[in-house]
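Numbering (the working numbering), first residue to last: 562 to 695.
In this text, a Cβ means the ideal position worked out from N, Cα and C, and glycines have one as well.
Note that the coordinates shown come from a computational prediction; the quantities given were computed from them, not determined experimentally.
Here's the structure we're looking at; comments come further down.
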């Protein structure tokens, strides 16, 4: 019985590996002629690429940026104390007065929000907006 169980485990693992390899082969063998002088449009290339998700900040206007921020990580601001912010992410941005995100939280910026002249922050933590938390 023990040999049969081991054989079934090895067979299951081999089946999973085979499925992954077949899927990879199918994905890599798609028709790539669409981008090489063909008149038909490629279905895999979107007409508009989405803008990268970023959070921008600066002294008078948002010039520096944090690209694709992650939830729960403190990002200290480089340079002078920023007063202009643009949240081009899908996350809420919680500003903090300290670079280590310590102290009393400051302004909470919603996704897509832009602010100028906001009380200075020295760090930011990104959180899931209250409406999406669950």
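So, under 8 angstroms CB-CB, residue i and residue j are touching, yes? Tell me the CB distance rounded to an integer number of Å.
i           : j           : result
residue 671 : residue 649 : Contact flag wrong, Cβ pair sits at about 12 angstroms.
residue 655 : residue 685 : 7 angstroms
residue 637 : residue 660 : 4 angstroms
If you count every other CB in all the chains shown that lies within 10 Å of the CB of residue i, and 16 or more means buried, which is it?
i           : result
residue 623 : buried
residue 630 : buried
residue 627 : buried
residue 594 : Here the model assigns residue 594 a pLDDT of 46, short of 50, so the residue's position is not dependable, and the following value carries that caveat. It counts as exposed.
residue 596 : Because residue 596 sits at a pLDDT of 45, beneath the cut-off of 50, its placement in the model cannot be relied upon, and the following sentence gives the value as read from the coordinates. Its Cβ having fewer than 16 others within 10 Å, residue 596 is exposed.
residue 573 : With a pLDDT of 40 at residue 573, under the threshold of 50, the predicted position of this residue should be treated as unreliable, and no value is reported.
residue 687 : buried
Compare the beta carbon distance of residue i and residue j with 9 angstroms and say whether it is the shorter of the two.
i           : j           : result
residue 679 : residue 653 : no
residue 642 : residue 676 : no
residue 647 : residue 674 : yes
residue 651 : residue 658 : no
Comparing the CB of residue i with every heavy atom of the ligand HEM, is any distance shorter than 8 angstroms?
i           : result
residue 618 : Among the ligands in the structure shown, none appear at all, so the ligand HEM cannot be discussed.
Self-check item: Within the region 616-687, ranges of the alpha helix (DSSP H) (whole runs, at least 4 residues)
Solution: For the region 616-687, not a single whole alpha helix (DSSP H) run of length 4 or above is found.
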